[in-house]
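Counting along the sequence shown from 1, when you hit position 205 you're at 205 in full-length UniProt numbering, and nothing is skipped either side. One structure below.
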Amino acid sequence: MSVPTTQREWRIEKFGGPQSLKLGDGPVPAIGDTEVLVKLHALSLNSRDLAVATGKYIFGAKEGIVPLSDGAGEVAAVGAKVRKWKIGDRVAPQFVTGFISGAIGPSDFSGSLGGANDGLARQYAAVAEEDLVRIPEGWSYEEAATLPCAAVTAWNALFGLDGRKVGPGQWVLTQGTGGVSVFALQLAKIAGARVVATTSSEAKAARLRELGADVVINYAENPAWGAAAREATGGRGFDHIVEVGGTGTLAQSYKAIKPEGVISVIGLVARKERGKPDDTPNLLATLMNSSIVRGIQVGSRAQLEQVVAAFEGAKVHPVVDGGKAWRFDQLPEAYEHLKGSKHFGKVVVAVDHLSSRL
């Protein structure tokens, strides 16, 4: 495969949101003996990317960085000591470099793509041999690009705690229609669980039902949805709640969780509005509910490989927002679309062609 010496790449010139993204030329990186050069074909966005662009990412980021952690492509070149991959292999990099298995801590995020280190909003990336996984057979690059952050996060929430893996007949609650929540719905149904999903519109509710949600609650019409969700389980409560809202939704999650159920805290997309009364639960709520509150910080390469196996085995595909990808030169617009919370599933960008209908 012929490899150029220069490439097009996006950088966050100065923290300030999507408008701070600048497209320019840069060198195609040289690879070391144990590295692989990946020609990227598709990228996907996460809520975390919005925080990075504004300088508010809690694990830190630096101006001038190439953003985005999630992508998929093909091997364009391999280092002299690489044995696992060959030119033409279809691959996706994992979110945190060097994180193969086990538990993760805050210090590990020094290796996260598109935060502490240059990410994937470019045509070519040098990736360590150990940080790549094979993408599912028969998937488009656009579909595969959705997996590394959101799908692994959902998997970790539902299957990552020993002795608490989701199984047939259990109840799972998901919030909204973003990437993590939709993946959690799909993975819970693959495992045979029953799912209650929340959303804010009937159109999105219909899509959630198509994906297998057993019950859908409109939180715009019913802000105190916790009690309604518990009622949907016959009063027993949920085995797992995938909590993406944070301080704005945690009180309702406590009302819905069963004794010794697991609330996986993933995001803060529904933070308490300034000036509103603070109804964020304190530690007493955990005590009174006898529940487990677990923070989730994406996951390992081993979990990404498990996600691939689960989707392949079930013959289930990711949900790409709108059924098509944004153009590479439309990356700021894709950020704005994500920021507006109108998406369903994953917002995807095609790197090397105008658009891809899936």
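Virtual Cβ for every residue (Gly too), placed ideally from N, Cα, C.
Query	Result
Through-space distance from S47 to G340, alpha-carbon basis	11 angstroms
Cβ-based burial, R83 [other Cβ within 10 Å; buried from 16]	exposed
Distance, L304 Cα to V152 Cα	6 angstroms
Cα-Cα separation, K81 to A191	39 angstroms
Three or more C-beta pairs below 8 angstroms linking the region 136 to 143 and the region 38 to 47	yes
C-alpha distance - K258 paired with A51, whole-angstrom precision	32 angstroms
Cβ-based neighbour list, V127, same chain, cut-off 6 angstroms, excluding 5 preceding and 5 following	V36, V38 and P93
First through last residue of the beta strand (DSSP E) which encompasses S101	Run containing S101: none; DSSP gives neither H nor E here.
Alpha-carbon to alpha-carbon, D352 and P4	14 angstroms
Beta-carbon contacts of F159 that lie in its chain and below 6 angstroms, excluding the five residues immediately before and after	K165
Candidates G17, A77 and G323: closest to D33 by CA position	A77
Three or more C-beta pairs below 8 angstroms linking the region 303 to 319 and the region 174 to 190	yes
Boundaries (first-last residue) of the beta strand (DSSP E) holding A144	Taken as a continuous stretch (DSSP letters only), A144 belongs to no beta strand (DSSP E), being part of the alpha helix (DSSP H) at Y141 to A144.
Any alpha helix (DSSP H) of 4 or more consecutive residues that is wholly inside the region 46 to 120	47 to 54
Cβ-Cβ distance between E13 and G26 below 9 angstroms	no
Alpha helix (DSSP H) segment containing K189, residue limits	G179 to I190
Residues that H240 bridges to, as DSSP identifies them	V172 and V262
Coarse secondary structure for F15, derived from DSSP in three states	coil
Cβ shell of residue 385 (< 6 angstroms), same chain only, five flanking positions each side left out	Missing from the structure shown is residue 385; the chain here goes from 1 to 358 and no further.
Length of the line joining the Cα atoms of A206 and R194	17 angstroms
Contact under 9 angstroms by Cβ, A224 with V215	no
A53 classed as buried or exposed, judged by whether at least 16 other C-beta atoms fall within 10 angstroms	buried
Cβ pair T73, L21 closer than 9 angstroms	Checking the sequence shown, residue 73 turns out to be Gly, not Thr. Cβ distance not < 9 angstroms, so G73 and L21 don't count as in contact.
Rounded separation between T247 and A116 - CA only	26 angstroms
First through last residue of the beta strand (DSSP E) which encompasses P27	L21 to P27
Assigned exposure category for Q19 - 16 Cβ within 10 Å defines buried	exposed
7 angstroms Cβ shell around N289 - same chain, five flanking residues per side excluded	Y254, I257 and P259
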